[in-house]
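Reading through the structure tokens given below for one structure.
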């Protein structure tokens with residue numbers, strides 16, 4: 362029986378897929394995650410909802426929403442939808458290299474009604490939208506199946522879906538950041554950053570920047586690429602991290618903060634990198650400053666200092 366998350370060809374019949382996923386989960390190792398044991402009645406309801414999803418049946422949304430009240434059956438349906446995303450992403454890698462699904466587009470799916478009759482609608486985006494529509498019941502499954510996977514392919518999908526789930530995902534991600542392994546903490550950092558580096562999520566990311574593991578600190582600073590003044594301030598502090606790679610990643614993330622505070626910190630980091638003969642750090646600072654300014658190429662430290670002074674005076 363195939364693994365519940367092994368890429369496969371698109372199924373013609375939803376009931377067979379749910380059946381396969383159920384047996385695969387029940388046959389897994391004792392330590393493997395499972396949403397729970399389905400009764401015959403729950404199995405029948407999952408099969409009905411999945412078939413309505415495949416058939417674009419008008420009663421699908423009503424059936425889906427009713428299924429959300431069942432904590433076990435709803436999680437199995439989320440697992441079925443995950444498989445739909447994986448199948449498309451595995452089979453259309455060339456397309457996806459050209460057309461990425463933006464996080465802001467995923468978030469819009471939470472509020473927009475499903476429109477399954479649109480010609481050419483991508484089935485992976487449709488499935489992601491339906492996982493998002495399942496709400497909090499989807500979080501546990503997505504974290505266990507995708508975000509904490511050993512495969513980067515699956516982890517990336519998990520981050521994307523959790524971003525769409527938004528604040529509903531934050532409590533579980535905070536727990537993962539506190540209790541998980543270093544690998545789990547890295548995934549939690551990515552997902553928290555995708556949801557938004559504010560409030561409790563920002564506090565968790567700040568804690569992760571104090572990790573003894575440089576890889577965790579690196580993912581934490583990359584997760585701070587979108588945030589407010591507090592996130593920017595944390596990035597500036599991380600420019601002085603003990604690990605040069607973490608410093609460079611902090612500099613890269615600061616490039617998304619297009620203001621005089623970020624630019625001034627980057628100029629200081631540029632000068633420091635030049636004094637230490639750290640070419641990689643100098644390059645990171647140059648690229649971040651170019652992102653802030655819109656400049657087409659590098660400048661001298663003196664020229665960047667003049668640019669910062671213009672920003673501070675409101676003249677640039």
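Numbering (this note's numbering), first residue to last: 362 to 677. Just so it is clear, CB atoms sit at the ideal spot from N, CA and C, and this is done for glycine as well.
Query: Taking residue 679 as the reference, give the member of 651, 558, 487 and 540 with the closest Cα.; Result: Residue numbering for the chain in the displayed model covers 362 to 677; residue 679 lies beyond these limits and cannot be assessed.
Query: Using the Cβ count rule (16 or more neighbours within 10 Å means buried), how would you classify residue 437?; Result: buried
Query: Distance check for residue 409 and residue 567, CA to CA, integer angstroms please.; Result: 45 angstroms
Query: If you compare alpha carbons, which of 520, 517, 421 and 551 is closest to residue 579?; Result: 551
Query: List the DSSP bridge partners of residue 558.; Result: 588
Query: Rounded to the nearest angstrom, how far is the Cβ of residue 631 from that of residue 643, given a contact under 8 angstroms?; Result: 6 angstroms
Query: In its own chain, which residues sit with a C-beta less than 8 angstroms from the C-beta of residue 463, not counting the 5 before and 5 after it?; Result: Its pLDDT being 48, under 50, residue 463 is placed unreliably in this model, and the value from its coordinates should be taken loosely. Excluding sequence neighbours, residue 463 sits near nothing in its chain.
Query: At which residues does the alpha helix (DSSP H) containing residue 416 begin and terminate?; Result: 401 to 416
Query: If we count Cβ pairs, one from each stretch, closer than 8 angstroms, do we get three or more for the region 438 to 450 versus the region 483 to 501?; Result: yes
Query: Under DSSP, the alpha helix (DSSP H) around residue 529 begins and ends at which residues?; Result: Run containing residue 529: none; DSSP gives neither H nor E here.
Query: Quick check on residue 484: does DSSP put it in helix, strand or coil?; Result: helix
Query: Would you please state the rounded distance, in angstroms, between the beta carbons of residue 554 and residue 583? I believe it to be under 8 angstroms.; Result: 7 angstroms
Query: Assuming contact is defined by CB atoms lying nearer than 8 angstroms, are residue 545 and residue 575 in contact in what I supplied?; Result: no
Query: Using a Cβ-Cβ cutoff of less than 7 angstroms, which residues in the same chain neighbour residue 645 once the five nearest sequence positions on both sides are dropped?; Result: 609, 612 and 613
Query: Should residue 513 be labelled buried (16 or more other beta-carbon atoms within 10 Å of its own) or exposed?; Result: exposed
Query: Just to confirm before moving on: does the CB-CB distance between residue 622 and residue 587 stay below 8 angstroms?; Result: no
Query: To which residues of the same chain is residue 617 closer than 6 angstroms at the C-beta, ignoring the five residues directly before and after it?; Result: 586
Query: Do residue 450 and residue 485 have their beta-carbon atoms positioned less than 8 angstroms apart in this structure?; Result: yes
Query: If you reduce the DSSP assignment to three classes, tell me which class residue 424 lands in.; Result: helix
Query: Are there 16 or more other CB atoms within 10 angstroms of the CB of residue 661, so buried, or fewer, so exposed?; Result: exposed
Query: By a C-beta neighbour count over all protein chains shown, 10 Å radius and 16 as the cutoff for buried, is residue 634 buried or exposed?; Result: buried
Query: For a quick check, are the C-beta atoms of residue 537 and residue 500 less than 8 angstroms apart?; Result: no
Query: What residues in its chain sit with their C-beta under 7 angstroms from that of residue 516, if we drop five residues either side in the sequence?; Result: 507, 508, 510 and 548
Query: Run through the region 430 to 455 for me and flag every whole alpha helix (DSSP H) of 4 or more residues, listed as ranges in chain order.; Result: 432 to 452
Query: For my contact list, residue 446 and residue 393 are in at a C-beta cut-off of 8 angstroms; report their separation, rounded to the angstrom.; Result: Their Cβ separation, rounded to whole angstroms, is 20 angstroms, which puts residue 446 and residue 393 out of contact at 8 angstroms.
Query: Within 10 Å of its beta-carbon, does residue 443 have 16 or more other beta-carbons around it, so buried, or fewer, so exposed?; Result: buried
Query: Counting C-beta neighbours from all protein chains within 10 Å, is the total for residue 460 16 or more, i.e. buried, or is it exposed?; Result: Low local confidence applies: a pLDDT of 39 at residue 460 is under 50, so the model's placement there is unreliable, and no value is given.
Query: From the DSSP output, in three-state form, read off residue 499 for me.; Result: helix
Query: State the start and end residues of the unbroken alpha helix (DSSP H) segment that holds residue 643.; Result: 640 to 654
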